[in-house]
Amino acid sequence: MKQNKILALKYRPQEFKDLIGQEVISETIINGIKNNKTPNSYLLTGIRGVGKTTIARLIAKALNCEKNLDKKITCENENFCNSCSEIVRSSHIDVLEMDAASKTGIDDVRELIENSKYSPTSAQFKIFIIDEVHMLSKQAFNGLLKTLEEPPSKLKFILATTEVRKIPVTILSRCQRFDLKRVSSDKMQEHIRNISKKENGNFSDEAINLIAKASEGSVRDAISLLDRALIFQTINSNKEIQGDDIRKMLGIADRSEIVKLFKEILLGNEVKALSILEELIENGLDTKNFLNDILEILYLFSRKISLGDINKKDLTVSEAEIELINNSSKNLDIQDIGLFWQLTIKTIDDIRFVSNENLNLKMYILQLMHLKNIETKNFSDIEKIEVSPKLKLNLGDQPKDSDEDSKKETTVKSQLKSTDQIKTNIYKETDNKNFKFQNEIKNFNDIVKFADKEKEVDLKYDLERNVKLVSFSKGKIDISFNEKLNKNFIKNLSEKLLKWTNERWIISLSKKDGTETIYERTIKESKKNLDSEKNSKIAKKIISTFPDAELVKVEDKNE
Ligand SMILES: [Zn+2]
Numbered sequence: 050m051k052q053n054k055i056l057a058l059k060y061r062p063q064e065f066k067d068l069i070g071q072e073v074i075s076e077t078i079i080n081g082i083k084n085n086k087t088p089n090s091y092l093l094t095g096i097r098g099v100g101k102t103t104i105a106r107l108i109a110k111a112l113n114c115e116k117n118l119d120k121k122i123t124c125e126n127e128n129f130c131n132s133c134s135e136i137v138r139s140s141h142i143d144v145l146e147m148d149a150a151s152k153t154g155i156d157d158v159r160e161l162i163e164n165s166k167y168s169p170t171s172a173q174f175k176i177f178i179i180d181e182v183h184m185l186s187k188q189a190f191n192g193l194l195k196t197l198e199e200p201p202s203k204l205k206f207i208l209a210t211t212e213v214r215k216i217p218v219t220i221l222s223r224c225q226r227f228d229l230k231r232v233s234s235d236k237m238q239e240h241i242r243n244i245s246k247k248e249n250g251n252f253s254d255e256a257i258n259l260i261a262k263a264s265e266g267s268v269r270d271a272i273s274l275l276d277r278a279l280i281f282q283t284i285n286s287n288k289e290i291q292g293d294d295i296r297k298m299l300g301i302a303d304r305s306e307i308v309k310l311f312k313e314i315l316l317g318n319e320v321k322a323l324s325i326l327e328e329l330i331e332n333g334l335d336t337k338n339f340l341n342d343i344l345e346i347l348y349l350f351s352r353k354i355s356l357g358d359i360n361k362k363d364l365t366v367s368e369a370e371i372e373l374i375n376n377s378s379k380n381l382d383i384q385d386i387g388l389f390w391q392l393t394i395k396t397i398d399d400i401r402f403v404s405n406e407n408l409n410l411k412m413y414i415l416q417l418m419h420l421k422n423i424e425t426k427n428f429s430d431i432e433k434i435e436v437s438p439k440l441k442l443n444l445g446d447q448p449k450d451s452d453e454d455s456k457k458e459t460t461v462k463s464q465l466k467s468t469d470q471i472k473t474n475i476y477k478e479t480d481n482k483n484f485k486f487q488n489e490i491k492n493f494n495d496i497v498k499f500a501d502k503e504k505e506v507d508l509k510y511d512l513e514r515n516v517k518l519v520s521f522s523k524g525k526i527d528i529s530f531n532e533k534l535n536k537n538f539i540k541n542l543s544e545k546l547l548k549w550t551n552e553r554w555i556i557s558l559s560k561k562d563g564t565e566t567i568y569e570r571t572i573k574e575s576k577k578n579l580d581s582e583k584n585s586k587i588a589k590k591i592i593s594t595f596p597d598a599e600l601v602k603v604e605d606k607n608e
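Each residue of the sequence shown is one higher than the last, beginning at 50 in our numbering.
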């Protein structure tokens, strides 16, 4: 197989009928031209590689086609008229293309406007195609606007952009706008399959499906991926290209491995989950693709929960995924999925800032598991825990004021912990139902106070010395931390917050640097107090009486 041209150029549609996924737009444009109702300016918007420039050229062809004089668009690929073939070769004297990404200034536009004053040389219309028009400077837009306001009758503009919001309203209001859609997965698959056949490709359905999906609705992306896959094929000429090959090419993790990983997360098997993740990382997983795959699984879960069983005919969902979702969705509710979703989105956002993506992923998996572990709704599970009457008594409603009680409680806690750490929390919660009304955590200091009151020594130590607060809102805390932070800190704090407030909190590690730690602030303040007291009259008087004396500490009587 020999390729002289890159595929995207080779298969660039030369006629409206060859366009993929933009049928409505094509029809509107063709009808306009047939009925002689054409705007002075077209505006084509849409994501990259969806056909904006291609359509711009098709419009130019249709407007200037020599066979089009009888209003029938019949000029065909093998038999183009002079005008159409010149446009194909980019050599038409009256069809000018400008890339605003490289020519953004007023001078470039001025040249264009100057040129626009002259009538077309050979064709019916003079046509300016301006690609990435949003890149023009403000001045350049103003220059363009004057021409758009009073356009010569033989002049047509075709503007194309990926970012329509950056175009001034004054310009927008003078254009007929066409929003190009992303190409649907079905159509894209069909398109890729056709091209691959013409190029003697040999692909499994799954491979085609994956290419279509990875293209995210951009025909150009899909074709350039296919191009790469075809090169892969030339190396393995007798083999049918499988989904796995494409995954390797794209750095996409095998979804079935992700499903396996997700299963372990839901079961709370930290060790297994992490070992699967490590294996995936070793096989060259792409962090962003991986997280997006998880988002898709989460979406499937919410679909199952809200809309019922997933149709097995849906080819984009594998058997393994359907099985996972059907078996595990009963233990999840929409709120869980919402929390998972938020955390995943945040992690995707974070990967831009962290230097060690793998560490970030591991942290993410642990946090996911933790969100699941602090399950609160499944109260029926409590009955399954065997608790002796004596233990039950100790877990009762009495306030745990005395040391004796809290000691007992600690024993009970550790015993229950060995049975099931998670459910201990739930148990205590049900017993302390009105607890939450007494406990309101309004700020970061309240958490420290609680840790102190509840004798959570480790937690308090970490909160004061190893954690810097970045932001605090109810149910959500962002922190930064130093390397001394206990590795169970997040888990521990989330569990305690749930216990104290009966609500789930999301604790996330921020890339921003927080304020100082509480400990640092206390030191600073006491030094400040000390310094100001040293200068007080009393201190000075004492020093003058006892020259050897030194003020070392200032205590607030109220504390
Ligand atoms: Zn023609």
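C-beta: ideal position from N, C-alpha, C; glycine also. Bear in mind the structure is a predicted one, so any value in this text is a computation, not a measurement.
Item to complete: Report buried or exposed for Ala-598, applying the criterion of at least 16 other Cβ atoms within 10 angstroms of its Cβ.
Response: exposed
Item to complete: For Tyr-348, count neighbouring C-beta atoms within 10 Å of its own C-beta (all shown protein chains included) and say buried if the count is 16 or more, exposed if not.
Response: exposed
Worksheet item: For the candidate residues Glu-265, Glu-248 and Phe-206, whose alpha-carbon lies nearest to that of Asp-235?
Response: Glu-265
Worksheet item: Thinking just about the alpha-carbon of each residue, which of Asn-531, Leu-93, Thr-336 and Gln-416 is nearest to the one in Asp-562?
Response: Asn-531
Worksheet entry | Check your reading: residues with Cβ closer than 7 Å to ligand 1 heavy atoms | Lys-110, Cys-114, Glu-115, Lys-116, Asn-117, Cys-124, Phe-129, Cys-130, Ser-132 and Cys-133
Fill in: For Ile-220, the nearest candidate out of Gly-357, Met-237, Ser-267 and Lys-195 (CA to CA)
Lys-195
Worksheet item: Would a C-beta distance cut-off of 9 Å place Ile-325 and Glu-306 closer than the cut-off?
Response: yes
Worksheet item: Okay, do the segment 137-156 and the segment 170-188 touch, 3+ Cβ pairs below 8 Å being the bar?
Response: yes
Fill in: Interface flag, Gly-95 vs chain B, CB-CB below 9 Å
Any reference to chain B falls outside this structure, which holds one protein chain only.
Worksheet item: Around the Cβ of Gln-63, are there at least 16 other Cβ atoms within 10 angstroms (buried) or fewer (exposed)?
Response: buried
Discussion item. If I measure Cβ to Cβ from Ala-150 and keep anything under 8 Å in the same chain, skipping five residues before and after, which residues do I get?
Written reply: Asp-180, Glu-181 and Met-184
Practice prompt. Go through its chain and collect everything with a Cβ distance to Lys-395's Cβ below 7 Å, but skip five positions before and after it.
Written response: Ser-557
Worksheet item: When the Cβ atoms of the segment 567-583 are set against those of the segment 538-553, are three or more pairs found closer than 8 Å?
Response: no
Practice prompt. Please state whether DSSP places Gln-71 in a helix, a strand or coil.
Written response: coil
Discussion item. So the candidates are Ile-526, Ser-378, Asp-507 and Val-73; which of them puts its Cα closest to the Cα of Ile-490?
Written reply: Ile-526
Practice prompt. Can you grab the Cα-Cα spacing for the pair Thr-211 / Thr-94, in whole Å?
Written response: 6 Å
Worksheet item: Helix, strand or coil: how does DSSP classify Gln-384 here?
Response: helix
Worksheet item: Between the segment 215-229 and the segment 241-255, do three or more beta carbon pairs fall short of 8 Å?
Response: no
Item to complete: Determine the contact status of Leu-334 and Ile-295, defining contact as a CB-CB distance below 9 Å.
Response: no
Discussion item. So the candidates are Arg-106, Glu-72, Lys-86 and Ile-82; which of them puts its Cα closest to the Cα of Arg-61?
Written reply: Arg-106
Worksheet item: Touch check for the segment 160-172 and the segment 198-215: three-plus C-beta pairs under 8 Å?
Response: yes
Discussion item. In this structure, how does DSSP classify Lys-262 when only helix, strand and coil are distinguished?
Written reply: helix
Worksheet item: So, Gly-250 versus Leu-208, is the Cβ gap smaller than 9 Å?
Response: no
Worksheet entry | Three-state secondary structure assigned by DSSP to Glu-207 | Per the sequence shown, residue 207 should be read as Ile rather than Glu. Strand.
Fill in: Whole-angstrom distance between Thr-566 and Lys-533, CA atom to CA atom
13 Å
Worksheet item: With 16 as the cutoff for other CB atoms within 10 Å, does Phe-595 come out buried or exposed?
Response: exposed
Discussion item. Using a 10 Å radius around the Cβ and a threshold of 16 neighbouring Cβ atoms, would you call Glu-432 buried or exposed?
Written reply: Reliability of the predicted coordinates at Glu-432 is poor, the pLDDT of 38 falling under 50, and the value obtained from them is presented with this limitation in mind. Classification for Glu-432: exposed.
Worksheet item: Taking C-beta to C-beta, are Ile-539 and Ser-559 nearer than 9 Å?
Response: no
Worksheet item: Who are the near neighbours of Thr-393 in its chain, counting only those whose CB is closer than 6 Å to its CB and skipping five residues on each side?
Response: Leu-340, Ile-343 and Leu-344
Discussion item. Assuming contact is defined by CB atoms lying nearer than 9 Å, are Ile-136 and Asn-164 in contact in what I supplied?
Written reply: no
Practice prompt. Name the two residues that bound the continuous beta strand (DSSP E) containing Lys-525.
Written response: 525-530
Discussion item. Quick check on DSSP: helix, strand or coil for Tyr-348?
Written reply: helix
Worksheet item: What number of angstroms, rounded off, separates the C-alpha of Gln-291 from the C-alpha of Ser-378?
Response: 30 Å
Worksheet item: Once you ignore the five residues that flank Lys-51 on each side, which residues in its own chain have a CB closer than 6 Å to its CB?
Response: The predicted position of Lys-51 is uncertain, since its pLDDT is 44 and thus under 50; a value taken from the coordinates is nonetheless stated next. Within the same chain, Lys-51 has no close Cβ partners at all.
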